[in-house]
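Taking the working numbering, the leading residue of the sequence shown gets 3, the next gets one more, and so forth.
Here a beta-carbon is modelled for each residue, glycine too, at the ideal position from N, C-alpha and C.
Down below is the structure, laid out as structure tokens.
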Amino acid sequence: MKRRFRDPVILGLIWLGSGFCDRIWFALDHSVPAWDQADYLTGSLNYWQALQHPEWFSGEWWSSFWAISSKVPPLTYIIAAMVQQLFGTGPELATIALVLCSGVLIASVYGLGLVLFNRRVGLWAAGLVMLLPGLYRYRLEFLLDYPLTTVVSLCFWSLTVWWSLGTAKTPLSQTKVRQGWLWGLGFGVCLGLALLVKQTAIFFLFVPIAWAGVRVLWQRQWQRLAQLISGLLVSVLLFGPWYRINWLLILTSGKRATIDSAIAEGDPALNTLDAWVYYWKILPYLISWPLLLIPIVGLLIYGLKYGLKQSAIAKSNNLPSPHPPIWSLTWLGVFIVGGYLLCSLNINKDARYILPLVPVLSLFLAYGLTCWTNRWGKPMRWSTVGLATVLMMLNLFPLGGRGLTQLLSPRVQHFPYLGQPWPHPKVIAEIIKTQPYLRSNLGVLPSTPDINQHNFNYYGALANFQVYGRQVGTQAKQVKQDMRSLSWFLTKTGAQGSIPESQAAIVQAVEQGTEFELHQTWELPDASQLKLYHKRQPPIAVKPLSIKPVGDQSSIKPTSFNSNASLAKRPRYANSTTLTSNSRVKLDQVTVPEKSPAGVPVPVTYQWTGSWEQLQSGIVILTWQPVDLFAKRGLLAKVGKLKVNKLKVVRVRAASALPKAWPFGQGSTETNLQPSTETNLQPSTETNLQPSTETNLQPSTETNLQPSTETNLQPSTETNLQPSTDTNLQPSTHGWLHDHGIAMGELHSSQLPPANAEFEVIERMAMFPPADIPAGSYTLKATYLNRQTRETYPIQVPTVTLTIDPAATPIAAPELDLITQMRILSTNLPKGLNGLEPVFEETARINQYDPIQDYLEQADLALSYRLELEPNNLDLAYALALSRVLQQDVEGAIAALKRVTQLDPQNPYAHAYLAFVYLYDWDGKNGENALKPALTINPTIPELQALSGIAALMQGNVFKAWSVIQGLEL
Numbered sequence: 003m004k005r006r007f008r009d010p011v012i013l014g015l016i017w018l019g020s021g022f023c024d025r026i027w028f029a030l031d032h033s034v035p036a037w038d039q040a041d042y043l044t045g046s047l048n049y050w051q052a053l054q055h056p057e058w059f060s061g062e063w064w065s066s067f068w069a070i071s072s073k074v075p076p077l078t079y080i081i082a083a084m085v086q087q088l089f090g091t092g093p094e095l096a097t098i099a100l101v102l103c104s105g106v107l108i109a110s111v112y113g114l115g116l117v118l119f120n121r122r123v124g125l126w127a128a129g130l131v132m133l134l135p136g137l138y139r140y141r142l143e144f145l146l147d148y149p150l151t152t153v154v155s156l157c158f159w160s161l162t163v164w165w166s167l168g169t170a171k172t173p174l175s176q177t178k179v180r181q182g183w184l185w186g187l188g189f190g191v192c193l194g195l196a197l198l199v200k201q202t203a204i205f206f207l208f209v210p211i212a213w214a215g216v217r218v219l220w221q222r223q224w225q226r227l228a229q230l231i232s233g234l235l236v237s238v239l240l241f242g243p244w245y246r247i248n249w250l251l252i253l254t255s256g257k258r259a260t261i262d263s264a265i266a267e268g269d270p271a272l273n274t275l276d277a278w279v280y281y282w283k284i285l286p287y288l289i290s291w292p293l294l295l296i297p298i299v300g301l302l303i304y305g306l307k308y309g310l311k312q313s314a315i316a317k318s319n320n321l322p323s324p325h326p327p328i329w330s331l332t333w334l335g336v337f338i339v340g341g342y343l344l345c346s347l348n349i350n351k352d353a354r355y356i357l358p359l360v361p362v363l364s365l366f367l368a369y370g371l372t373c374w375t376n377r378w379g380k381p382m383r384w385s386t387v388g389l390a391t392v393l394m395m396l397n398l399f400p401l402g403g404r405g406l407t408q409l410l411s412p413r414v415q416h417f418p419y420l421g422q423p424w425p426h427p428k429v430i431a432e433i434i435k436t437q438p439y440l441r442s443n444l445g446v447l448p449s450t451p452d453i454n455q456h457n458f459n460y461y462g463a464l465a466n467f468q469v470y471g472r473q474v475g476t477q478a479k480q481v482k483q484d485m486r487s488l489s490w491f492l493t494k495t496g497a498q499g500s501i502p503e504s505q506a507a508i509v510q511a512v513e514q515g516t517e518f519e520l521h522q523t524w525e526l527p528d529a530s531q532l533k534l535y536h537k538r539q540p541p542i543a544v545k546p547l548s549i550k551p552v553g554d555q556s557s558i559k560p561t562s563f564n565s566n567a568s569l570a571k572r573p574r575y576a577n578s579t580t581l582t583s584n585s586r587v588k589l590d591q592v593t594v595p596e597k598s599p600a601g602v603p604v605p606v607t608y609q610w611t612g613s614w615e616q617l618q619s620g621i622v623i624l625t626w627q628p629v630d631l632f633a634k635r636g637l638l639a640k641v642g643k644l645k646v647n648k649l650k651v652v653r654v655r656a657a658s659a660l661p662k663a664w665p666f667g668q669g670s671t672e673t674n675l676q677p678s679t680e681t682n683l684q685p686s687t688e689t690n691l692q693p694s695t696e697t698n699l700q701p702s703t704e705t706n707l708q709p710s711t712e713t714n715l716q717p718s719t720e721t722n723l724q725p726s727t728d729t730n731l732q733p734s735t736h737g738w739l740h741d742h743g744i745a746m747g748e749l750h751s752s753q754l755p756p757a758n759a760e761f762e763v764i765e766r767m768a769m770f771p772p773a774d775i776p777a778g779s780y781t782l783k784a785t786y787l788n789r790q791t792r793e794t795y796p797i798q799v800p801t802v803t804l805t806i807d808p809a810a811t812p813i814a815a816p817e818l819d820l821i822t823q824m825r826i827l828s829t830n831l832p833k834g835l836n837g838l839e840p841v842f843e844e845t846a847r848i849n850q851y852d853p854i855q856d857y858l859e860q861a862d863l864a865l866s867y868r869l870e871l872e873p874n875n876l877d878l879a880y881a882l883a884l885s886r887v888l889q890q891d892v893e894g895a896i897a898a899l900k901r902v903t904q905l906d907p908q909n910p911y912a913h914a915y916l917a918f919v920y921l922y923d924w925d926g927k928n929g930e931n932a933l934k935p936a937l938t939i940n941p942t943i944p945e946l947q948a949l950s951g952i953a954a955l956m957q958g959n960v961f962k963a964w965s966v967i968q969g970l971e972l
């Protein structure tokens with residue numbers, strides 16, 4: 003074999019051998035992924051879905067793409083998504099990405115050995131890196147740490163090559179100069195990739211980068227410094243887009259991922275010795291005693307004997323090294339010591355967090371093995387590697403030898419699970435079978451490695467993203483709301499895992515209460531029992547009127563990604579001219595109480611029929627307004643009323659004749675195009691489509707939205723939603739809104755129903771008449787809005803009347819829909835920081851109930867439509883701004899907040915919100931301009947001063963920023 007092919011073949015055999023071992027392990031393993039593993043696998047499916055229909059040249063698509071994973075850098079997900087595109091989806095197939103990581107890791111370690119020592123050290127290090135317990139243990143888990151180890155090693159190799167090119171004392175040749183630029187830029191690419199795997203990559207690379215930078219600066223090697231800086235700039239081009247979009251969530255989630263986790267796990271405090279020797283104590287477990295001691299003995303006996311000079315050792319191996327061993331070992335020491343100290347500085351500690359140091363340690367070990375020369379050299383090296391291979395096999399497979407592994411390689415045993423399969427796919431299939439046309443949200447109450455919200459969420463994603471898993475009941479004050487907001491719950495007997503104290507209360511309420519019934523049980527491999535509970539009367543019911551129900555969907559692949567278009571550039575609304583009356587959505591029945599007081603949730607049931615496409619795409623714009631407004635226009639027909647147990651049920655088929663539509667004007671240059679009067683979408687001032695800010699969703703503090711007294715959805719009466727007198731509001735009218743997506747946007751089917759198939763959707767919901775509306779009779783007006791085409795048409799409503807009577811007895815109602823809750827929360831925004839605290843606390847809760855946060859897009863579309871008709875409605879403007887901020891739609895949020903500042907110009911917080919969004923988008927100039935009115939109105943607000951300093955800093959005005967910070971009034 004030719005020498006130039008010898009090393010690649012050896013490296014290839016090492017890679018194939020390790021990959022073959024890993025695939026055997028996965029073939030035997032029947033376990034389910036634990037918390038983090040399942041979460042990361044779900045992330046890979048999210049990107050798999052996004053890459054089904056990429057739009058490479060669309061900036062909006064890229065923004066949505068980077069926002070899919072808002073807290074965890076997405077490169078591992080993207081690579082795993084590409085692998086699953088080739089081999090199929092599933093936990094064992096996604097881990098093929100880790101085999102690819104092994105190949106890159108082997109090549110990187112070999113490259114480091116070749117640059118710093120010689121090819122023999124490189125080959126031995128490449129072999130050892132597959133036999134180190136810390137690495138083979140975690141390459142069998144779908145976590146970020148093994149990919150991080152791979153890309154950090156790749157990055158350190160490229161930096162080492164670049165660094166070694168400038169160590170010659172003679173002037174650099176043109177060839178080396180060109181190589182320096184190539185390797186410098188290559189290092190930048192690798193650094194960008196490393197930071198797209200995990201932020202902690204900088205812990206391991208910061209010290210070597212700083213070391214190299216200071217050295218070239220000290221030696222005045224300006225061209226080398228330019229190469230290094232250019233590489234860093236290239237890295238910014240790679241990792242910058244993701245961090246630019248998600249930087250705020252990264253910062254806000256950092257405390258939970260570090261400090262909170264460290265406290266929960268009992269990690270040692272930084273002011274203790276244990277915090278700094280934690281990783282030193284576990285080092286033997288990551289390497290194993292034979293691989294640690296034998297190379298160290300060789301290094302001590304032979305290396306120190308020759309003073310770590312190249313001559314004796316290199317000559318005995320007949321392999322000259324490019325650098326003196328002391329130089330190479332020093333460079334490796336810079337990496338290891340720097341990485342160790344910065345990792346120890348992180349209060350949250352785990353063995354896998356220091357994994358990127360292990361491949362570099364393998365170079366020390368390989369060099370130590372090659373220090374065994376003469377007759378002891380070859381036997382010692384091969385016996386050490388042979389023993390390490392045996393220990394790996396005994397630690398990974400149930401072959402016996404427990405005593406040997408406990409003695410020489412303890413605490414890394416990781417056998418495949420060979421028992422009975424866990425029932426996760428069966429649970430998901432049962433939910434889909436029961437509700438084949440709905441997206442379901444499953445409340446998972448236990449939290450063990452095998453039964454937790456993350457792995458049920460993952461198996462639901464494998465089933466076409468039709469079932470999601472969420473952990474609820476974590477706070478005692480939210481238990482009642484959690485129960486009322488979900489239709490499915492999982493409980494289990496036996497060990498419950500890491501759960502809060504409130505978990506027992508919600509388990510008892512689900513299992514012993516009357517609201518849920520036991521749907522099915524499964525016997526678990528750990529001898530406990532898994533119980534699936536379903537709400538006796540689900541809030542949404544769907545049934546086909548002309549086709550057979552959909553069967554088991556658990557094997558269907560996920561559908562393609564539907565990215566949110568920029569909400570600031572959505573087309574204007576137009577009346578439908580393409581739909582026949584038979585294909586339009588009809589409102590067949592509305593059920594409401596006869597009477598209800600204002601300021602409390604009121605139960606309401608809507609029954610819709612229509613084609614699947616129209617129902618799934620439908621947003622219904624519902625306005626409950628005084629009956630006399632309809633009576634004046636002659637639109638209230640006289641029909642019989644049927645009273646059943648104090649409820650009035652009215653069932654009328656919608657008429658086929660609808661008003662003639664006007665054409666949909668795509669691409670109009672007008673900024674405030676109003677529909678033609680023929681469409682009946684432009685109500686006169688007598689109608690109730692323009693409620694004033696005095697009455698629109700402004701409940702008093704006495705109002706109780708939820709049965710639970712702990713709910714925090716009520717804005718106080720101190721909330722001032724009144725715009726200044728300059729805003730020219732519409733005349734005051736009274737009523738309330740109940741806009742929402744049909745079936746709350748939960749319609750979902752893995753198989754497209756036949757064309758023209760009719761479905762019936764029943765919604766059992768609650769609406770919220772504001773506390774300050776006048777007593778009297780109210781009726782419903784409805785408009786259909788298609789979320790894809792933005793086409794609209796009026797919906798004929800059965801005659802229905804609800805009387806608001808202060809003396810009436812409140813009737814038990816379901817939980818308010820999420821859009822109504824969000825709109826009520828938005829009334830807190832004018833209060834500033836004090837108002838934001840309940841907004842974000844409650845938003846975190848209600849986001850659990852809609853795993854894809856589709857309610858925000860529904861609210862966005864409905865509020866945008868209403869603001870076309872009521873451009874001066876301040877309540878709607880605040881609600882729209884909140885929905886867009888929560889969607890991270892920067893362009894849309896800026897447009898909405900500009901409207902808010904126009905309608906509420908004397909509120910400094912309105913201007914502060916606009917400035918904050920500009921700063922979030924790294925636009926310091928516009929952020930500063932947006933703050934000027936706020937600082938004029940009230941310059942003493944500390945938050946405004948802080949934003950002003952940040953705006954100055956973003957523009958590079960360090961002195962102004964420092965001046966602002968110095969004068970900050972806290």
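With distances taken between CB atoms, is the gap from residue i to residue j smaller than 9 angstroms?
{"i": "MET382", "j": "CYS23", "result": "no"}
{"i": "LEU239", "j": "GLY194", "result": "yes"}
{"i": "ASP852", "j": "ASN459", "result": "no"}
{"i": "VAL919", "j": "VAL887", "result": "yes"}
{"i": "PHE189", "j": "GLY233", "result": "yes"}
{"i": "ALA368", "j": "GLY124", "result": "yes"}
{"i": "PRO420", "j": "LEU30", "result": "According to the sequence provided, residue 420 is Leu. The question's Pro does not apply to it. Taking 9 angstroms as the Cβ cut-off, LEU420 and LEU30 qualify as a contacting pair."}
{"i": "GLU765", "j": "THR607", "result": "yes"}
{"i": "LEU53", "j": "ALA83", "result": "yes"}
{"i": "LEU869", "j": "ASN875", "result": "yes"}
{"i": "TRP244", "j": "PRO76", "result": "yes"}
{"i": "LEU921", "j": "LEU949", "result": "yes"}
Which residues in the same chain have their Cβ closer than 7 angstroms to the Cβ of residue i, if we skip the five residues on either side of it in sequence?
{"i": "ALA777", "result": "ILE806, ASP807, PRO808"}
{"i": "PRO812", "result": "SER598, PRO599, VAL602"}
{"i": "ILE284", "result": "ALA353"}
{"i": "ASP38", "result": "LEU145"}
Please determine, among the options, the residue with the shortest C-alpha to C-alpha distance to residue i.
{"i": "SER364", "options": "PHE770, PHE119, ARG180", "result": "PHE119"}
{"i": "THR274", "options": "THR386, ILE349, ASP262, GLN483", "result": "ILE349"}
{"i": "PHE241", "options": "CYS192, LEU18, GLY737", "result": "CYS192"}
Return the CA-CA distance between residue i and residue j, expressed in angstroms with no decimal places.
{"i": "LEU955", "j": "GLN51", "result": "39 angstroms"}
{"i": "LEU43", "j": "GLU893", "result": "31 angstroms"}
{"i": "GLU517", "j": "THR523", "result": "18 angstroms"}
{"i": "TYR535", "j": "MET485", "result": "11 angstroms"}
{"i": "GLN692", "j": "ILE952", "result": "Unreliable placement is indicated for GLN692, whose pLDDT of 37 sits below 50; no coordinate value is reported for it."}
{"i": "TYR857", "j": "TRP27", "result": "43 angstroms"}
{"i": "LEU410", "j": "LEU288", "result": "11 angstroms"}
Beta-carbon within less than 6 angstroms of residue i's beta-carbon, same chain only, minus the 5 sequence neighbours each way: which residues are those?
{"i": "THR822", "result": "PHE770"}
{"i": "ILE296", "result": "THR386"}
Tell me the DSSP bridge mates of residue i?
{"i": "ARG472", "result": "GLY445"}
{"i": "PRO755", "result": "The partner list for PRO755 (beta bridge, DSSP) is empty, contrary to what the question assumes."}
{"i": "ILE542", "result": "GLU765"}
Is there at least one non-hydrogen atom of the ligand SAM closer than 8 angstroms to the beta-carbon of residue i?
{"i": "LEU235", "result": "The model on display carries no ligand, and the ligand SAM is accordingly not part of it."}
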